[in-house]
Amino acid sequence: LKVVSALQSKHHCGEEEARVICDKVQAKLLKECHDPAKMCITDLRISHWQEAIQETMGGEANRSLAAECYFLWKTTRLQHLTLAEDTRGMLTELRKVVRLLLVTNGDKQTQREKIEACACQPYFDAIVVGGEQKEEKPAPSIFHYCCDLLGVQPAECVMVGDSLDTDIQGGLNAGLKATVWLNKAMTTPLDTSPVPHYVISSVLDLPALLQKMDHKINANLENDHMICSNE
């Protein structure tokens with residue numbers, strides 16, 4: 004909204020045009036393919052704004068206007084990144100009984116800025132950014148690296164994420180104990196591939212699910228023990 008207002012007030016852009024520009028940038032972000040060896044993330048995203056402005060308003064490319072829009076958008080976005088109080092409470096309680104690691108794909112500068120903005124570092128034992136590794140999710144290597152950081156085996160780890168393609172597929176590729184798909188909308192058919200072990204609609208459902216998983220494992224161990232005893 005701040006970018007829309009700035010385009011209207013400072014650059015005499017109509018509200019509809021301003022919103023179209025922002026929508027175009029959002030679409031470009033969703034399709035973004037960044038190679039840090041060729042261009043830094045800042046230059047790439049200024050280019051998104053430059054292209055969107057030119058596509059919408061025509062005329063010559065205006066790099067300075069694009070840069071102004073990008074930095075305003077970025078600042079506003081970071082200001083609104085936060086961990087909800089109930090999520091912070093849940094992570095605090097979970098960390099008393101399990102080790103927690105945050106792993107994210109993306110450019111290292113962008114992701115580190117987000118991590119800093121939402122102040123989530125105290126809630127995790129480690130944080131791994133894909134842009135700092137040789138491979139990102141869903142490659143098994145980054146998951147195995149995370150396991151090594153925590154000092155655990157893949158078969159002891161549970162992956163929780165909202166992306167079937169990177170989080171769930173990656174967890175399956177790495178041979179983790181279980182994968183949990185965070186599907187807030189709960190609208191996608193459950194026969195989607197890859198198939199997660201569990202599905203939750205809110206991250207706050209995680210403690211109950213982990214407890215359920217723990218009970219299931221203990222029950223299996225008891226059953227195995229009973230079978231052996233009967234023999």
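Residue numbers (my numbering): 4 to 234. We treat Cβ as the ideally placed atom computed from N, Cα and C, and that holds for glycine.
Going by beta carbon distance, what residues of the same chain come within less than 7 Å of I44, once the five residues before and after it are set aside?
Position 41 of the sequence shown, counted from the start, is the residue given in the question as residue 44. The answer, listed in chain order, is H37, D110, Q112, T113.
Find the nearest neighbour of Q53 within the set C72, E35, H147, judged by alpha-carbon distance.
Within the sequence shown, numbered from 1, the residue matching residue 53 stands at position 50. The residue with the shortest Cα to Cα distance from Q53 is C72.
Go through its chain and collect everything with a Cβ distance to A177's Cβ below 7 Å, but skip five positions before and after it.
Taking the first residue of the sequence shown as position 1, residue 177 is located at position 174. Taken in chain order, the residues that qualify are P143, F146, H147, P157.
Identify the residues that DSSP records as bridge partners of A188: which are they?
Here residue 188 corresponds to residue number 185 of the sequence shown, with the count starting at 1. None; A188 has no bridge partner.
Provide the residue(s) that pair with L105 in DSSP beta bridges, ordered along the chain.
Numbered from 1 along the sequence shown, position 102 holds the residue referred to as residue 105. Beta-bridge pairing by DSSP links L105 to I130.
Exposed or buried, what is H83 when buried is set at 16 or more other beta-carbons lying within 10 Å of its beta-carbon?
Here residue 83 is taken as the residue at index 80 of the sequence shown, counted from 1. Exposed, by the Cβ-count rule.
What does a CB cutoff of less than 8 Å around K180 pick up in its chain, not counting 5 residues either side in sequence?
Counting from 1 along the sequence shown, the entry for residue 180 is found at position 177. The answer, listed in chain order, is P157, A158, E159, C160, V161.
Which word fits V183, buried or exposed, when buried means at least 16 other C-beta atoms lie within 10 angstroms of its C-beta?
Mapped onto the sequence shown, residue 183 falls at position 180. Under this definition V183 is a buried residue.
Near L68, what residues of its chain come up, given a Cβ to Cβ distance below 7 Å and the 5 sequence neighbours on each side ignored?
As a first step, residue 68 must be located in the sequence shown, where it is residue number 65. Answer for L68: H14, I56, listed in chain order.
Going by C-alpha distance, which of G62, T79, R102, V23 is nearest C149?
Reading the sequence shown from its first residue, position 146 is the one you call residue 149. Minimum Cα distance to C149 is reached at R102.
In this structure, does DSSP put G17 in helix, strand or coil?
On the sequence shown, residue 17 is found 14 positions in, with the first residue counted as 1. G17 carries a coil assignment under DSSP once its states are collapsed to helix, strand and coil.
Would you identify the three-state DSSP class for E234, choosing helix, strand or coil?
As a working mapping, residue 234 is identified with position 231 in the sequence shown. Confidence at E234 is low in this model, with a pLDDT of 35, below 50, so its placement is unreliable and no value can be given for it.
From this set, E58, A40, L47, which residue's C-alpha is nearest D26's C-alpha?
Along the sequence shown, read from residue 1 onward, the residue named residue 26 stands at position 23. Answer by Cα proximity: E58.
In chain order, what residues of the same chain have a beta carbon less than 7 Å from the beta carbon of V28, not counting five sequence neighbours either side?
If you number the sequence shown from 1, residue 28 lands on position 25. Only H51, W52, A55 meet the Cβ criterion.
Report, in whole angstroms, the separation of the C-beta atoms of G133 and K140, which I expect to be a contact under 8 Å.
One-based indexing of the sequence shown puts residue 133 at position 130. One-based indexing of the sequence shown puts residue 140 at position 137. Their Cβ separation, rounded to whole angstroms, is 6 Å, which keeps G133 and K140 in contact under 8 Å.
Decide if L33 is buried, meaning its Cβ has at least 16 other Cβ atoms within 10 Å, or exposed.
Taking the first residue of the sequence shown as 1, we reach residue 33 at position 30. Burial call: exposed.
Output the distance between the C-alpha atoms of E20 and A70, rounded to the nearest integer angstrom.
The count along the sequence shown starts at 1 and reaches residue 20 at position 17. The count along the sequence shown starts at 1 and reaches residue 70 at position 67. So the two alpha carbons sit approximately 18 Å from each other.
Determine the direct distance from the alpha carbon of A211 to that of D217, and round the result to whole angstroms.
Numbered from its first residue, the sequence shown carries residue 217 at position 214. Numbered from its first residue, the sequence shown carries residue 211 at position 208. The straight-line gap from Cα to Cα measures roughly 10 Å.
If you draw a straight line from the alpha carbon of L94 to that of M60, how long is it in whole angstroms?
Counting from 1 along the sequence shown, the entry for residue 94 is found at position 91. Counting from 1 along the sequence shown, the entry for residue 60 is found at position 57. Approximately 46 Å, taken between the alpha carbons.
Mapping the DSSP letters down to three states, classify L4 as helix, strand or coil.
Position 1 of the sequence shown, counted from the start, is the residue given in the question as residue 4. DSSP places L4 outside both helix and strand once states are collapsed to three, so it counts as coil.
Can you tell me where the alpha helix (DSSP H) holding I56 begins and where it ends?
The residue you call residue 56 lines up with position 53 of the sequence shown. Counting along the chain, the alpha helix (DSSP H) containing I56 begins and ends at 44-60.
My assumption, with CB atoms under 8 Å, is that C121 sits in contact with L105. Please give the rounded CB distance.
Looking up residue 121 in the sequence shown gives position 118. Looking up residue 105 in the sequence shown gives position 102. Actually they are not in contact, since the Cβ atoms of C121 and L105 sit about 10 Å apart, beyond 8 Å.
What is the rounded straight-line gap between the Cα of L10 and the Cα of D165?
Indexing the sequence shown from 1 puts residue 10 at position 7. Indexing the sequence shown from 1 puts residue 165 at position 162. So the alpha carbons of these two residues sit roughly 33 Å apart.
Just to confirm, are L152 and A129 a CB contact at a threshold of 8 Å?
Within the sequence shown, the letter at position 149 stands for residue 152. Within the sequence shown, the letter at position 126 stands for residue 129. A contact, by the Cβ cut-off of 8 Å.
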